[in-house]
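Asker: One line per chain: the protein sequences are A and B, in this order.
The opening position of the first sequence corresponds to residue 1 in the working numbering, with each subsequent residue numbered one higher.
The opening position of the second sequence corresponds to residue 1 in the working numbering, with each subsequent residue numbered one higher.
Just so it is clear, CB atoms sit at the ideal spot from N, CA and C, and this is done for glycine as well.
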Amino acid sequence: MRYLAEVVISLKPVVNDPQGLTVRAGLHQLGFAEVSEVRVGKHISVEVDGDSEAGARQRVAEMCEKLLRNPVIEDYRIELRPSREASPAPAAPPA
Amino acid sequence: MRFGIAVFPGTWSDGDCARAVEVLGHQSVRLWHRDRDLQGSDCVILPGGFAYGDHLRTGAVARFAPLMESVQEFAAAGGLVLGICNGFQILCEAHLLPGALTRNASLEFRCETTWLRVETVETPFTGDCERGGVLAIPVSHGEGRFVADPSTLDRLEAEQRVAFRYVARDGTAVGDASPNGSMRDIAGVVSEGRNVLGMMPHPERAAEPLLGSDDGMRIFRSVVEAVAEHSAFAVAP
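This is the structure in structure tokens:
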């Protein structure tokens with residue numbers, strides 16, 4: 001079974017996020033005065049083969065612990081679902 | 001003595017480090033990232049650059065290079081390891097040093113001379129310096145903001161493991177005026193065993209008066225003296 005894991009890496013709440021502050025200032029500049037906070041993170045899609053959803057999730061969590069996030073400054077969240085395409089065709093080259 | 005200089009794909013400061021070693025009259029050898037042989041180095045330098053393109057996070061992939069396994073063993077045995085800029089980032093990712101290096105608070109890539117106050121001379125990398133002395137050494141990075149949780153920072157201070165702090169030219173505190181917004185203005189830290197130093201500024205770029213400063217040589221000279229005086233430091237196989 002193939003699963004698609006969507007991993008969201010975010011800075012821990014205590015870590016200052018200058019990118020988020022800059023984006024917030026830009027949004028305020030554009031008139032979005034209602035914006036109170038912006039945090040910028042990363043989104044990583046990982047396609048994995050596994051026997052069960054729990055097993056695949058466990059493996060992706062291990063990937064997060066070993067490489068995908070830095071435990072000193074980052075948290076992570078995993079959203080996992082069966083992959084729509086069992087064996088995705090390679091993307092067509094740009095025309 | 002012999003300095004081993006690591007070369008990852010994307011390393012660019014190895015030549016400048018080799019030049020600094022040469023100016024001192026010592027030998028250097030390049031250590032390729034896919035090799036495990038440290039070639040008898042007395043000190044291993046992880047130089048600046050963008051190892052493996054700094055993809056994902058700075059230093060995140062480089063720490064898994066075969067060479068890094070040998071560097072980990074060498075450091076664990078008490079060998080001297082000096083991480084400069086990208087090398088510092090790699091050492092933090094490899095958990096040989098505490099904390100992490102994040103995007104500069106200004107979001108700018110900063111390339112300029114900084115002034116560093118020597119906070120301790122009780123390391124093999126600063127023995128030739130004076131405590132409280134100020135060194136003019138340039139930085140060149142976009143992600144050099146040292147961060148760690150408050151208890152880690154307190155511990156580093158208590159154990160006198162902050163080697164350098166960004167200061168004004170006259171040695172007074174700069175506060176928010178540091179080039180990257182590092183917590184407590186920290187520019188360099190040593191490991192618990194004091195045999196691993198990570199620093200964001202580039203001592204190899206302050207290696208000759210022609211470059212505007214030769215203060216960086218104090219660090220290389222300290223290493224040479226430490227190795228000469230204390231044969232206890234491990235030599236790589």
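1) Measure the CB-CB distance between Ser-13/B and Glu-22/B and report whether it falls below 8 Å.
2) Nearest-angstrom Cα distance between Glu-97/A and Glu-47/A?
3) Cα separation between Arg-2/B and Val-190/B?
4) By a C-beta neighbour count over all protein chains shown, 10 Å radius and 16 as the cutoff for buried, is Phe-50/B buried or exposed?
5) So, helix, strand or coil for Gly-55/A, using DSSP?
6) For Pro-18/A, return the contacting residues in chain B, with the cut-off set at a CB-CB distance below 9 Å.
7) Could you check what DSSP says for Thr-102/B in three-state terms: helix, strand or coil?
8) When you compare only the Cα positions, how much space is there between Val-227/B and Gly-59/B?
9) Kindly give me the distance between the Cβ atoms of Leu-135/B and Val-118/B, rounded to whole angstroms, as I take these residues to be in contact under 8 Å.
10) Kindly give me the distance between the Cβ atoms of Gly-99/B and Arg-145/B, rounded to whole angstroms, as I take these residues to be in contact under 8 Å.
11) Mind listing, in chain order, the continuous beta strand (DSSP E) runs of no fewer than 3 residues lying wholly within the region 11–73 of chain A?
12) Ile-45/B to Arg-165/B, Cα distance in whole Å?
13) For Asp-16/B, which of Phe-220/B, Arg-63/B, Glu-93/B has the nearest alpha-carbon?
14) Is there at least one Cβ from chain A nearer than 8 Å to Arg-184/B's Cβ?
15) Judging by CA-CA distance, which residue of Ile-5/B, Thr-126/B, Val-81/B, Val-174/B is the nearest neighbour of Val-196/B?
16) Strictly under 8 Å for the Cβ-Cβ distance: is Leu-67/A near chain B by that measure?
17) With DSSP as the reference, identify every bridge partner of Phe-8/B, one or two as the case may be.
18) Identify the contact partners of Val-38/A in chain B, using a Cβ-Cβ distance below 9 Å as the criterion.
19) Residues in its own chain within less than 8 Å of Val-35/A by CB, not counting five upstream and five downstream?
20) Taking the C-alpha atoms as reference points, what is the distance between Gln-19/A and Gln-89/B?
Answerer: The short version:
1) no
2) Residue 97/A is absent from the model: chain A starts at 1 and stops at 95.
3) 21 Å
4) buried
5) helix
6) Thr-102, Arg-103, Asn-104, Ala-105, Ser-106, Leu-107, Arg-145, Gly-181
7) strand
8) 27 Å
9) 7 Å
10) With a Cβ gap of about 10 Å, Gly-99/B and Arg-145/B do not count as contacting.
11) 42–49
12) 21 Å
13) Phe-220/B
14) no
15) Val-81/B
16) yes
17) According to DSSP, which records beta bridges pairwise, Phe-8/B is partnered with nothing at all.
18) What Val-38/A touches in chain B: nothing, since even the nearest Cβ is about 14 Å away.
19) Arg-24, Leu-27, His-28
20) 19 Å
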